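Colleague: Have a look at this one.
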Amino acid sequence: MENVLLVTQKIDLGAWIVLLIFVPFFILFTLRAKSGARFPLRPIAAYKRLCELVSQAAESGHVIHVGMGSGGIGTPATPEALMGLTVFGYIARQAAQYNQATLGTTGDPTILTAAQGILQRARAEAGFPEQYSRRELQFYGPHPFAYAVGAFDSLRARPYLANVLLGHFGAEGLWLAEATSSKEMSRLGGVAPPTAAALMQSSLDETVIGEEVFAAGAYLDKPSHLGSLASQDLMRIIIILTILVGSILTSLGYLG
Amino acid sequence: MKKTLPLIVAILCGVLSLADFIIPNPQLDALGAVLVEGVTILAAFALLLGLLNILGTHVHRVATGEGSRGLSLSLILAMLITMAVGIAFPHSGTLRWIFRYLYVPLQSTMTALLAFFVVSAAYRAFRLRNIEALILLVTSLLVLFTQLPFVGAISPSLAIIRDWLMRVPVTAATRGLILGIALGTIATSLRILLAVDRPYTGE
Numbered sequence: 012m013e014n015v016l017l018v019t020q021k022i023d024l025g026a027w028i029v030l031l032i033f034v035p036f037f038i039l040f041t042l043r044a045k046s047g048a049r050f051p052l053r054p055i056a057a058y059k060r061l062c063e064l065v066s067q068a069a070e071s072g073h074v075i076h077v078g079m080g081s082g083g084i085g086t087p088a089t090p091e092a093l094m095g096l097t098v099f100g101y102i103a104r105q106a107a108q109y110n111q112a113t114l115g116t117t118g119d120p121t122i123l124t125a126a127q128g129i130l131q132r133a134r135a136e137a138g139f140p141e142q143y144s145r146r147e148l149q150f151y152g153p154h155p156f157a158y159a160v161g162a163f164d165s166l167r168a169r170p171y172l173a174n175v176l177l178g179h180f181g182a183e184g185l186w187l188a189e190a191t192s193s194k195e196m197s198r199l200g201g202v203a204p205p206t207a208a209a210l211m212q213s214s215l216d217e218t219v220i221g222e223e224v225f226a227a228g229a230y231l232d233k234p235s236h237l238g239s240l241a242s243q244d245l246m247r248i249i250i251i252l253t254i255l256v257g258s259i260l261t262s263l264g265y266l267g
Numbered sequence: 506m507k508k509t510l511p512l513i514v515a516i517l518c519g520v521l522s523l524a525d526f527i528i529p530n531p532q533l534d535a536l537g538a539v540l541v542e543g544v545t546i547l548a549a550f551a552l553l554l555g556l557l558n559i560l561g562t563h564v565h566r567v568a569t570g571e572g573s574r575g576l577s578l579s580l581i582l583a584m585l586i587t588m589a590v591g592i593a594f595p596h597s598g599t600l601r602w603i604f605r606y607l608y609v610p611l612q613s614t615m616t617a618l619l620a621f622f623v624v625s626a627a628y629r630a631f632r633l634r635n636i637e638a639l640i641l642l643v644t645s646l647l648v649l650f651t652q653l654p655f656v657g658a659i660s661p662s663l664a665i666i667r668d669w670l671m672r673v674p675v676t677a678a679t680r681g682l683i684l685g686i687a688l689g690t691i692a693t694s695l696r697i698l699l700a701v702d703r704p705y706t707g708e
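Going line by line, the protein sequences match chains A and B.
The first sequence begins at 12 in the numbering used here and counts up by one.
The second sequence begins at 506 in the numbering used here and counts up by one.
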């Protein structure tokens with residue numbers, strides 16, 4: 012009995028509660044989204060602009076650069092890095108449909124290999140598997156500033172329609188965004204952490220910050236992400252209500 | 506099979522890692538440690554592929570004359586020399602010299618340039634385009650101004666306003682952002698765990 016009590020005390024109750032509430036909603040909403048249900052989305056200027064730029068790129072033949080940052084798989088920055096991959100996947104698929112080039116840069120080798128798989132698949136699905144080129148994806152070393160300088164050097168080499176920086180960035184995000192500010196190209200992107208988001212917000216034309224970064228798929232071309240976005244919204248409402256009720260009960264002296 | 510096997514392995518590893526995180530159990534801890542070790546080994550192989558990518562990109566640039574040939578050649582030489590010294594004499598003074606007198610100064614130079622970029626970004630952000638930019642400008646100037654040592658002598662209430670700004674609106678906004686990030690992180694992880702997203706199969 013003592014052992015059971017000890018184990019119960021050691022179990023992360025908070026994590027269990029969040030998972031037990033979140034997972035059923037996540038599954039329910041994702042299944043609904045996959046079956047064609049639509050959830051309302053508030054407009055986000057950066058994603059709207061990105062869709063416009065992709066159309067422009069298809070018409071003009073210009074290339075869009077996607078900087079996926081220095082976050083990698085298996086690190087605390089994995090979710091942001093995956094969102095960088097999502098945006099790169101969207102642009103790569105659109106470019107592949109029109110048999111156009113694209114450029115993805117990363118500061119993490121695990122993201123490089125994942126992005127290579129995405130690009131290869133996009134080219135194959137569009138019917139141009141022979142057009143796949145490893146040079147469309149470039150890795151510049153695991154140090155953030157080495158990545159920023161390498162990506163900047165690639166951006167100098169030819170004109171680009173847009174510089175999209177979305178993923179895990181620190182100060183090197185500002186470096187890369189500002190270094191390309193004199194060039195004739197749209198600059199948009201975003202990061203999740205508040206400190207890095209402030210830097211990016213001040214430099215880029217359009218930005219997404221915080222949780223907006225994780226909504227990339229839902230706004231671009233992944234309807235299945237709408238379900239997870241809806242479950243996030245519902246969880247937020249539950250958390251806000253819990254905070255409000257907790258504050259009221261604490262003020263009335265019921266919670267110590 | 507090409508699609509199913511990675512799917513099964515990914516879901517299994519994800520569920521085991523999650524179980525290790527939320528259930529205190531020595532067997533799960535040991536299994537979790539093995540998985541983490543596996544990730545480290547895979548990341549090392551990925552780094553090797555990354556090095557080949559850098560080498561391939563710059564050899565192509567040297568061959569075709571795309572970009573700066575000299576810079577690409579310098580990069581290739583620097584990479585090969587550092588690798589050779591690191592492999593042949595891993596604890597030598599030469600390797601320390603390369604890092605101390607080449608790598609660290611270059612890194613410091615990059616960081617120093619950041620100061621100028623912060624100023625140019627701030628200049629653009631503070632331009633009075635709308636009411637939000639005005640609030641940003643006034644608040645930033647107030648916080649900057651009240652950091653100065655003599656401001657307390659002018660008016661003690663300025664420091665109180667600064668403390669309130671940092672303690673209430675800034676903290677509230679930051680907490681709201683962090684809460685959203687946490688929910689976004691959970692949703693992204695669940696998408697991978699439940700195979701809604703499958704980046705490992707190129708989807």
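Where a beta carbon is used, it is the ideal one built from N, C-alpha and C, also for glycine.
Since we're looking at a predicted model, the values are computed, not measured.
Among A/L237, A/I254, A/L215, A/A159, which residue has its Cα nearest to the Cα of A/A225?
Modeller: In the sequence as presented, Ala is not what sits at residue 225 of chain A; that position holds Phe. Cα-wise, what sits closest to A/F225 is A/L237.
Colleague: Ends of the alpha helix (DSSP H) at B/T676?
Modeller: Looking at the DSSP string, the run of the alpha helix (DSSP H) that includes B/T676 is 676-698.
Colleague: Quick one: does B/V623 have its CB under 8 Å from some CB of chain A?
Modeller: At least one chain A Cβ lies under 8 Å of B/V623.
Colleague: Of all the residues that make up the region 94-117 of chain A, which are near chain B by a beta-carbon distance shorter than 9 Å?
Modeller: If the cut-off is 9 Å between Cβ atoms, the region 94-117 of chain A has M94, L96, T97, G100, T117 near chain B.
Colleague: Quick one, which residues of the region 171-184 of chain A are near chain B if we go by CB-CB under 9 Å, in chain order?
Modeller: Listed by position, the residues of the region 171-184 of chain A near chain B (Cβ gap below 9 Å) are A182, E183.
Colleague: Grouping DSSP H, G and I as helix and E and B as strand, with all else coil, what is A/F150?
Modeller: Reduced to three states, the DSSP call for A/F150 is strand.
Colleague: At a CB-CB cut-off below 9 Å, which residues of chain B make contact with A/V34?
Modeller: Those are L695, L699, listed as they occur along chain B.
Colleague: Are the region 30-50 of chain A and the region 685-702 of chain B in contact at 8 Å, needing three or more beta carbon pairs?
Modeller: Output reads yes: the region 685-702 of chain B touches the region 30-50 of chain A.
Colleague: For B/I603, decide whether its Cβ has a neighbour in chain A, counting only Cβ atoms nearer than 8 Å.
Modeller: No - not a single Cβ of chain A is within 8 Å of the one on B/I603.
Colleague: Helix, strand or coil for A/L82, going by three-state DSSP, please let me know.
Modeller: Looking at the sequence provided, one finds Gly at residue 82 of chain A rather than Leu. Of the three classes helix, strand and coil, the one that applies to A/G82 here is coil, per DSSP.
Colleague: Does the region 227-246 of chain A come close enough to the region 115-124 of chain A to have 3 or more Cβ pairs within less than 8 Å?
Modeller: They do not touch, by the three-pair rule.
Colleague: Between the region 162-175 of chain A and the region 131-148 of chain A, can you find at least three pairs of beta-carbon atoms closer than 8 Å?
Modeller: Result no; under three Cβ-Cβ pairs closer than 8 Å.
Colleague: What in chain B is Cβ-close to A/S242, meaning under 8 Å?
Modeller: Within chain B, the residues near A/S242 are A692.
Colleague: Using a 10 Å radius around the Cβ and a threshold of 16 neighbouring Cβ atoms, would you call A/Y151 buried or exposed?
Modeller: With 16 or more Cβ atoms within 10 Å of its Cβ, A/Y151 is classed as buried.
Colleague: What span of residues does the beta strand (DSSP E) with A/N174 cover, start to end?
Modeller: Where A/N174 is concerned, the enclosing beta strand (DSSP E) stretches over 171-179.
Colleague: So A/L210 contacts chain B; which residues on that side make the cut at Cβ distance below 8 Å?
Modeller: Residues of chain B passing the Cβ test: V623, A626.
Colleague: What does A/T121 touch in chain B if you count any residue whose Cβ is under 7 Å from its own?
Modeller: Per Cβ cutoff of 7 Å: A548, A551.
Colleague: Given a limit of 9 Å on CB to CB distance, which residues of the region 217-235 of chain A reach chain B?
Modeller: Answer set for the region 217-235 of chain A: I220, G221, E222, E223, V224, F225, A226, G228, K233, S235.
Colleague: Going by Cα to Cα distance, which pick from B/T545, B/M584, B/A551 is closest to B/V564?
Modeller: Of the listed residues, the one whose Cα sits closest to B/V564 is B/M584.
Colleague: Of the residues A/T206, A/H179, A/S144, which one's Cα is nearest the Cα of B/V675?
Modeller: The candidate whose alpha carbon is nearest that of B/V675 is A/T206.
Colleague: To the nearest angstrom, how far is the alpha carbon of B/P704 from that of A/A125?
Modeller: Each residue's Cα considered, the two are about 6 Å apart.
Colleague: Tell me where the beta strand (DSSP E) around B/L556 begins and ends.
Modeller: Looking at the DSSP string, B/L556 is not in any beta strand (DSSP E); the run it does join, the alpha helix (DSSP H), is 531-569.
Colleague: Can you check which of these residues, B/V514, B/A638, B/S660, is closest to B/L540 by C-alpha distance?
Modeller: It is B/V514 whose Cα lies nearest to the Cα of B/L540.
Colleague: Can you name, in chain order, every residue of its own chain whose Cβ lies under 8 Å from the Cβ of B/T587, other than the five neighbours on each side?
Modeller: L600, I603.
Colleague: Does any residue of chain B bring its CB to less than 8 Å from the CB of A/L90?
Modeller: Just to set this straight, residue 90 of chain A is Pro in the shown sequence, not Leu. Taking Cβ atoms only, chain B reaches closer than 8 Å to A/P90, which makes this a yes.
Colleague: Taking 7 Å as the limit between beta carbons, can you name the residues of its chain near B/L639, skipping five residues before and five after?
Modeller: Here the set comprises L633.
Colleague: Return the residues of the region 663-686 of chain B that lie within a Cβ-Cβ distance of less than 9 Å from chain A, sorted by chain order.
Modeller: Listed in sequence order: A678, T679, G681, L682, I683, L684, G685, I686.
Colleague: Provide the residue(s) that pair with A/H236 in DSSP beta bridges, ordered along the chain.
Modeller: In the DSSP output, where bridge partners are listed per residue, A/H236 has none listed.
Colleague: On the criterion of 16 or more Cβ atoms from any shown chain inside 10 Å, does B/Y628 qualify as buried, or is it exposed?
Modeller: That one is exposed.
Colleague: In angstroms with no decimal places, state the Cα-to-Cα distance between B/Q532 and A/A112.
Modeller: If I take the Cα positions, the gap works out to 49 Å.
Colleague: Short check: CB of B/L556 to CB of B/V567, under 8 Å?
Modeller: Going by C-beta atoms, B/L556 is not nearer than 8 Å to B/V567.
Colleague: Less than 8 Å between the C-beta atoms of B/I665 and B/L647, yes or no?
Modeller: No. Outside cutoff.
Colleague: Closest to A/E183 by C-alpha separation, out of A/H73, A/I75, A/P155, A/V202, would be which residue?
Modeller: Of A/H73, A/I75, A/P155, A/V202, the residue nearest in Cα terms is A/P155.
Colleague: Cβ of A/D164 within 8 Å of Cβ of B/G570?
Modeller: Cβ distance not < 8 Å, so A/D164 and B/G570 don't count as in contact.
Colleague: Is it buried or exposed, A/V15, if we count other Cβ atoms within 10 angstroms and call 16 or more buried?
Modeller: Legend: pLDDT at A/V15 = 49, less than 50; position of this residue unreliable, value from coordinates given subsequently. Exposed, because fewer than 16 other Cβ atoms sit within 10 Å of the Cβ of A/V15.
Colleague: Roughly how far, in whole angstroms, is the beta-carbon of B/A687 from the beta-carbon of A/S239, given that I think they are within contact range, below 8 Å?
Modeller: B/A687 to A/S239, Cβ: 14 Å. No contact.
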